[in-house]
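Data first, discussion second: the structure below is written as structure tokens.
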Amino acid sequence: MTVQIKPEERPLRLLVDLEALASNWRWFAVQSSGAACGAAVKANAYGVGARQVVRRLAAAGCRDFFVATWAELAELGDLPSGAQVSVLHGIAEAEMASAKLSRAKPVLCSPQQVALWRSVGDLPCDVMIDTGMNRLGLTPQEAVSGMLDGLQIDTVHSHLACADEPGHQMNVRQLGTLRSLLAELAYGRVAIANSAGVCLGKEYIFDLTRPGIGLYGGIVHPASATSLKRVVGMAARIVQLREVSAGATVGYNAAFTAPGTIKLAILNLGYADGLPRSLGSAGTASISGVECAFVGRISMDLCAVDVSALASPRVGDWAEIAFDLAQVTRTTGLSPYELLTGLGPRFHRVFV
Ligand SMILES: *Cc1c(COP(=O)(O)O)cnc(C)c1O
């Protein structure tokens, strides 16, 4: 017989605050004043859960969504009415059949992709122009060479390499390069700003913005620090309780030695779930309202917390880990992008 575990019986939860998500999107919409504010939902909405994120943001008024690939588009299921999706990696030969049937637009990135898309007739598309990042996109020369003539271009995009460094001269240079091309192109809209780009100033807003990380509570620009809310938290259960005597060590490499007799709770949460190993003993988990410090190394599937301050912890009790992205970033040196996209598949995602 196959073992069946209902999602709600899983001992590990990712608590997703959809109201905080919507509030963060509204903040970006206000900063994008006059322009449409979209949402990057690639990589399962940065680990948060793309289907639910798209539905909640569409209800808040978001119309433009961005995924990386056609497979990610398929994962979204039926789209809310009025929502449109752009596929940032553009189009490959093998994806043409699905793309033709879909309402989604490829963001054409290379002369080959432009040629491929022309073969489907005059369906709408977006275009990415590389203004200096040297990642995806047509070169400025290619963009104005005439190869885009006659295409039904909804949005001309570019992407900033250094938006999270407000004083960086790359920002001004990329903006200038994009502006210099626009007169020679026929298009509906222009977009260059990701989350940090929105914070750089009005001249980066154009007609559409593409925030991602900030929607999920990641701070990548000081201007957003006090306005964005935390969207995700973790909850794990106590698997075992134990008492450890003075001088005994805890966990891999015996990295922690008990200074006196302490009570430990072992939680079913580890680095395979996205709790970074490098967080070490800097983290805390809240059990029955008491903050309990991590002790010793974080393992793949487990971690230990000091519950000496608790009167009567029990196996099965929930421990909540706030997972404050700014704080965990400071402690571990990992970016908020890595922290969110590292949230693993063992979580039951609970949307509140
Ligand atoms: C991922 C991505 C975004 C969103 O960037 P954030 O820094 O997460 O706001 C915007 N535009 C493009 C092209 C992207 O790839």
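Under my numbering, the first residue of the sequence shown is numbered 3, with each subsequent residue one higher.
Cβ coordinates follow ideal geometry from the N, Cα and C atoms, glycine included.
Handout entry: Simplified DSSP assignment, three categories, for Lys8
Key = Here Lys8 sits in coil by DSSP.
Handout entry: Candidates Glu77, Gly298 and His161, of which the one nearest Leu255 by Cα
Key = Looking at the sequence shown, residue 255 is not Leu but Asn. Closest option to Asn255, judged by alpha-carbon separation, among Glu77, Gly298 and His161: Gly298.
Practice task
Could you tell me whether the stretch 47 to 54 touches the stretch 113 to 125, where touching means 3 or more Cβ pairs closer than 8 Å?
Solution key: With a cut-off of 8 Å, the stretch 113 to 125 and the stretch 47 to 54 do not count as touching, because too few Cβ pairs lie within range.
Practice task
Please determine, among His223, Phe68 and Val158, the residue with the shortest C-alpha to C-alpha distance to Glu186.
Solution key: The candidate whose alpha carbon is nearest that of Glu186 is Val158.
Practice task
Flag Ile131 as yes when its Cβ comes closer than 7 Å to any non-hydrogen atom of ligand 1, and as no otherwise.
Solution key: Shortest gap from the CB of Ile131 to any heavy atom of ligand 1: 7 Å or more.
Problem - Anticipated Cβ contact below 8 Å, Pro113 with Leu140, distance rounded - result: With a Cβ gap of about 7 Å, Pro113 and Leu140 count as contacting.
Handout entry: Among Met236, Glu205, Lys204 and Ala195, nearest to Gly216 - alpha-carbon criterion
Key = Ranking Met236, Glu205, Lys204 and Ala195 by Cα distance to Gly216 puts Ala195 first.
Exercise for the section: Just mark Thr331 as buried or exposed, buried being the case when its beta carbon has 16 or more other beta carbons within 10 Å. Expected result: Buried is the call here.
Practice task
Please confirm whether Ile93 and Leu118 have their CB atoms less than 8 Å apart.
Solution key: Yes; because the gap between Cβ atoms is below 8 Å, this pair is in contact.
Handout entry: Inter-stretch contact at 8 Å, needing at least 3 Cβ pairs: the stretch 339 to 353 / the stretch 10 to 29
Key = As far as the Cβ criterion goes, the stretch 339 to 353 touches the stretch 10 to 29, which means the pair count is three or higher.
Practice task
Check the DSSP bridge columns for Lys204 and list the partner residues they point to.
Solution key: Looking at the DSSP assignment, Lys204 forms no beta bridge with any residue, so it has no partner.
Exercise for the section: Tell me where the alpha helix (DSSP H) around Leu342 begins and ends. Expected result: Looking at the DSSP string, the run of the alpha helix (DSSP H) that includes Leu342 is Pro338 to Thr343.
Handout entry: Contact belief for Ala321 with Ser288 at Cβ below 8 Å, rounded distance in angstroms
Key = Yes, Ala321 and Ser288 are in contact; Cβ-Cβ is about 7 Å, under 8 Å.
Handout entry: Delimiting residues of the beta strand (DSSP E) encompassing Arg244
Key = Val234 to Val246 is the span of the beta strand (DSSP E), which, as asked, contains Arg244.
Exercise for the section: Note down, in chain order, each residue of its chain lying with its Cβ closer than 8 Å to the Cβ of Tyr273, except the 5 sequence neighbours on either side. Expected result: So the list reads Arg279, Ile300, Ser301 and Met302, once near-sequence residues are dropped.
Exercise for the section: Examine ligand 1 and report whether any of its heavy atoms sits within less than 7 Å of the Cβ of Ala198. Expected result: Result yes, Cβ under 7 Å from ligand 1.
Exercise for the section: Using only the heavy atoms of ligand 1, determine whether one of them is closer than 7 Å to the beta carbon of Ile215. Expected result: In this structure, ligand 1 has a non-hydrogen atom nearer than 7 Å to the beta-carbon of Ile215.
Handout entry: Residue from Phe325, Gly291 and Gly318 with nearest C-alpha to Ala311
Key = Nearest option by C-alpha distance: Gly291.
Exercise for the section: Determine contact between the stretch 222 to 229 and the stretch 243 to 254, defined as no fewer than three beta-carbon pairs at a distance below 8 Å. Expected result: Contact fails: fewer than three Cβ-Cβ distances are below 8 Å.
Exercise for the section: Evaluate the contact criterion for the stretch 202 to 217 versus the stretch 257 to 269: three or more CB pairs, one atom per stretch, below 8 Å. Expected result: Pairwise C-beta distances place the stretch 202 to 217 out of contact with the stretch 257 to 269, as fewer than three of them are shorter than 8 Å.
Handout entry: For Glu322, the three-state DSSP class (helix, strand or coil)
Key = In the displayed model, Glu322 falls within a strand according to three-state DSSP.
Exercise for the section: Could you name the residues of the same chain whose beta carbon sits closer than 6 Å to that of Ala106, not counting the 5 residues immediately before and after it, in chain order? Expected result: Here the set comprises Leu75, Val87 and Val89.
Handout entry: With 16 other Cβ atoms within 10 Å as the buried cut-off, status of Ser83
Key = Flag for Ser83 reads exposed.
Practice task
Compute the minimum distance between the beta carbon of His161 and the heavy atoms of ligand 1, and state whether it is under 7 Å.
Solution key: Taking 7 Å as the cut-off, the C-beta of His161 counts as close to a heavy atom of ligand 1.
Handout entry: C-beta atoms of Ile240 and Val317 nearer than 8 Å
Key = Their beta carbons are under 8 Å apart, which means Ile240 touches Val317 by this criterion.
Handout entry: Close-in-space but distant-in-sequence residues of the same chain around Val146 (CB under 8 Å, 5 per side omitted)
Key = Leaving aside the five residues that flank Val146 on each side, the residues in its chain whose CB is nearer than 8 Å to its CB run, in chain order, Leu183, Glu186 and Leu187.
Exercise for the section: Compute the distance between the beta-carbons of Leu180 and Thr133, then report whether it is under 8 Å. Expected result: Their beta carbons are under 8 Å apart, which means Leu180 touches Thr133 by this criterion.
Practice task
Would you kindly check if the distance between the Cβ of Ala38 and the Cβ of Leu210 is under 8 Å?
Solution key: In this structure, Ala38 lies closer than 8 Å to Leu210 by Cβ.
Exercise for the section: Throw me the rounded Cβ distance for the Ala193 and Asp166 pair, which I believe falls under 8 Å. Expected result: Contact flag wrong, Cβ pair sits at about 18 Å.
Exercise for the section: Could you please give me the residues that DSSP links to Cys64 through a beta bridge? Expected result: For Cys64, which the question treats as bridged, DSSP gives no partner whatsoever.
Practice task
Return the CA-CA distance between Ala60 and Gln33, expressed in angstroms with no decimal places.
Solution key: If I take the Cα positions, the gap works out to 18 Å.
Handout entry: Reduced DSSP secondary structure (H/G/I, E/B, other) of Ala311
Key = DSSP places Ala311 outside both helix and strand once states are collapsed to three, so it counts as coil.
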